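Line by line, the protein sequences give chains A and B.
Using the working numbering, read the first sequence as starting at 1 and increasing by one per residue.
Using the working numbering, read the second sequence as starting at 1001 and increasing by one per residue.
Here is the structure we will look at, set down as structure tokens.
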Amino acid sequence: KQEVTQIPAALSVPEGENLVLNCSFTDSAIYNLQWFRQDPGKGLTSLLLIQSSQREQTSGRLNASLDKSSGRSTLYIAASQPGDSATYLCAVTLTQGGSEKLVFGKGTKLTVNP
Amino acid sequence: GAGVSQTPSNKVTEKGKYVELRCDPISGHTALYWYRQSLGQGPEFLIYFQGTGAADDSGLPNDRFFAVRPEGSVSTLKIQRTERGDSAVYLCASSLTGPFVPTEAFFGQGTRLTVV
């Protein structure tokens, strides 16, 4: 059974700091990996999608890497801002027998202090 | 609309009642998913539709839960004889699928269900 773990569970940093969020998964047979942002009481906003054949994706101040063989992904946030405060969720997509599903970690709650 | 739309945004119901939650996916997206998120947890898979058919309903917790997507677009999640443990945020997502299309999932804002 695929399990996704995110560490740390919570992180508090001063504004301007660069930071790394970690995600690990137990089964390397994934279709892709997706990072999401969730604000309190809101749905999920897709940040980056990395296909299983890719090593990294970048969008603005965000960079996500994927090492499928070791079951790890990182989300790097450069020059953090208070507006980056949210919960960040990592999810792997599994495809099996005509089904597709995302398996999520519990998330990392990020607080960026002004 | 441009995104995934879920209605209602909030639903309070009494234990034992029947509820329906609606999801309007992004136009043209053939895949539709329902997830359930409890406080402090990541979303958990409930059911996956490809077109009109439920390709995988292995995440539905019991037979009180049922979902339909009769025309391959709008989906309704139905919960019978609600229990307090059903209280959670129910999230819907949709995506394009195909061998050369990245299966990026887009989520709605969710329906917060509270069973009292």
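Every residue gets a Cβ at the ideal spot worked out from N, C-alpha and C, and that includes glycine.
Here the structure is a predicted model, which is why all the values come from computation and not from measurement.
Taking 9 Å as the Cβ-Cβ cut-off, the segment 1033-1045 of chain B approaches chain A at TYR1033, TYR1035, GLN1037, GLY1040, GLN1041, GLY1042, PRO1043, GLU1044, PHE1045, given in chain order.
The beta carbon of SER24 (chain A) sits no closer than 8 Å to any beta carbon of chain B.
Rounded to whole angstroms, the gap between the alpha carbons of ALA10 (chain A) and THR111 (chain A) is 8 Å. Taking the CA atoms as reference points, SER1009 (chain B) sits about 35 Å from GLY16 (chain A). Residue pairing by DSSP puts THR1076 (chain B) in a beta bridge opposite B:ARG1022, B:VAL1068.
Look at the beta carbons and you see the segment 1071-1081 of chain B touching the segment 1025-1035 of chain B: at least three pairs across the two are nearer than 8 Å. Under the 8 Å criterion on CB atoms, GLU100 (chain A) is classed as interfacial with respect to chain B.
The beta carbon of ASP39 (chain A) sits closer than 7 Å to the beta carbons of ALA86 from its chain, once the five residues preceding and following it are set aside; these are given in chain order. Here GLY105 (chain A) is buried, its C-beta having at least 16 other C-beta atoms within 10 Å. Per DSSP, the unbroken beta strand (DSSP E) holding THR93 (chain A) starts and ends at 86-96. Across the structure, LEU21 (chain A) and SER46 (chain A) are spaced so that their CA atoms are roughly 16 Å apart. Assigned with DSSP and collapsed to three states, ARG72 (chain A) falls in strand. Looking only at A:GLY71, A:GLN6, A:GLY43, the smallest Cα-Cα distance to ARG55 (chain A) is reached by A:GLY71.
Excluding its 5 nearest sequence neighbours in each direction, THR1103 (chain B) has C-beta neighbours in its own chain below 8 Å: ALA1031, SER1095, LEU1096, THR1097, listed in chain order. The three-state secondary structure of ASP1063 (chain B), taken from DSSP, is coil. ILE77 (chain A) and TYR88 (chain A) have their alpha carbons spaced roughly 11 Å apart. Taking a contact as a CB-CB distance under 8 Å, the pair THR1052 (chain B) and ARG1064 (chain B) does not count as one, their CB atoms being some 22 Å apart. Residue contact with chain A for TYR1090 (chain B): absent (no Cβ-Cβ distance below 8 Å to any residue of chain A). From the beta-carbon of GLU1104 (chain B), the residues of chain A found nearer than 7 Å are GLN34, SER46, LEU49.
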